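Sequence lines, in order, name chains V and B. Each number in our numbering comes from the position in the first sequence (counting from 1) with 27 added on. Each number in our numbering comes from the position in the second sequence (counting from 1) with 27 added on. Ideal Cβ positions, reconstructed from N, Cα and C, are used throughout, including at glycine. For clarity, every value in this text was computed on a predicted model and none was experimentally measured.
2 protein chains.
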Amino acid sequence: MGALEHNPPLQARQARQLLRAMADPLRLQVIEALGGGERCVCDLTGELGLAQSKLSFHLKVLREAGLIEAREQGRWIYYRLRSEALQDLQHWLAGLADRCDQPARGCN
Amino acid sequence: MGALEHNPPLQARQARQLLRAMADPLRLQVIEALGGGERCVCDLTGELGLAQSKLSFHLKVLREAGLIEAREQGRWIYYRLRSEALQDLQHWLAGLADRCDQPARGCN
DNA sequence: AAATTAGATCAACAAGAGTTGATTCATCAA
DNA sequence: TTGATGAATCAACTCTTGTTGATCTAATTT
């Protein structure tokens with residue numbers, strides 16, 4: 028067990044939630060934006076040109092998938108990307124790719 | 028340019044299509060099954076206990092995402108997993124994770 | 001040629017996801 | 001305390017996905 032890999036492996040269910048959350052152009056934009064650093068919602072709406080309730084909806088999807096995290100401060104809510112989530116997904120994908128690399132069985 | 032990485036990087040659109048295709052429990056089952064080697068559709072319906080038209084629908088989604096490939100032989104159609112697709116997605120994800128690892132900018 | 005069989009496709013429906021505008025709640029400024 | 005602002009939530013609606021059973025086509029067997 029390497030010192031850099033302390034997270035328990037993703038369950039298929041969580042992996043699917045992450046995949047689904049990321050499979051949307053708008054949400055990917057949000058991810059990329061937050062990749063550049065924490066943002067408050069009002070900045071995001073401006074940056075991405077979205078209606079407030081629309082953004083809120085997508086933030087919820089990302090939040091529930093564990094991809095982002097909210098922190099409230101005063102009147103604002105700041106969101107940041109949970110890069111652990113991306114890592115977990117990477118590991119899960121690697122595991123899947125491994126599993127699927129087995130020698131072909133014949134078709135019976 | 029490494030000798031092992033000859034595929035052009037995925038476009039965001041293709042990546043999203045892969046993510047979406049994989050974000051479904053049934054389709055993941057198909058992927059895992061094909062990971063064990065090529066199968067014909069009739070074997071898959073048996074193995075997964077699915078109605079023929081239902082499986083056909085999901086195979087189409089996977090096919091259009093580039094995750095699987097069909098080969099017809101006589102009366103049967105054999106599907107195999109395109110492991111390149113999994114690799115491409117891994118690289119794309121790694122790229123995203125990298126891009127999102129930049130030092131936090133402040134919230135203006 | 002007629003009967004089977006594998007698998008795609010289609011039409012009708014059911015379920016789920018995304019959008020929009022209105023409402024609500026909390027915090028901050030006057 | 002009143003007024004304004006940030007952000008979540010809700011209800012109504014639309015759009016997209018998924019399901020089911022039926023039909024269709026091509027290859028195969030008899």
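{"Query": "For B:E59, go through chain V and note every residue whose CB falls closer than 9 Å to its CB, in chain order.", "Result": "L123, R126, C127"}
{"Query": "Looking at the C-beta of V:P52, does it have a partner C-beta in chain B at a distance below 8 Å?", "Result": "yes"}
{"Query": "Measure the C-alpha to C-alpha separation of V:Y106 and V:C67 and round it to an integer number of angstroms.", "Result": "6 Å"}
{"Query": "I need the straight-line Cα distance from B:I95 to B:L108, nearest angstrom please.", "Result": "4 Å"}
{"Query": "Do B:Q117 and V:L45 have their beta-carbon atoms positioned less than 8 Å apart in this structure?", "Result": "no"}
{"Query": "Can you check which of these residues, V:T72, V:G63, V:R90, V:A112, is closest to V:N34 by C-alpha distance?", "Result": "V:A112"}
{"Query": "Buried or exposed: which applies to B:D125, given that a residue is buried once 16 or more other Cβ atoms fall within 10 Å of its Cβ?", "Result": "exposed"}
{"Query": "How many angstroms separate the CA atom of V:R43 from the CA atom of B:R102?", "Result": "34 Å"}
{"Query": "Where does B:C69 sit, in a helix, a strand or coil, going by DSSP?", "Result": "helix"}
{"Query": "Let's test the definition: count the other Cβ atoms within 10 Å of the Cβ of V:D128 and tell me whether it reaches 16, buried, or not, exposed.", "Result": "exposed"}
{"Query": "Following the continuous beta strand (DSSP E) through V:Q100, name the residue where it begins and the one where it ends.", "Result": "95–100"}
{"Query": "Check whether the Cβ of V:R47 lies closer than 8 Å to any Cβ atom in chain B.", "Result": "yes"}
{"Query": "Could you check what DSSP says for V:L108 in three-state terms: helix, strand or coil?", "Result": "strand"}
{"Query": "Is it the case that the Cβ atoms of V:Q89 and V:A39 are separated by a distance below 8 Å?", "Result": "Here residue 89 of chain V turns out to be Leu, not Gln, going by the sequence shown. No, they are not a contact pair."}
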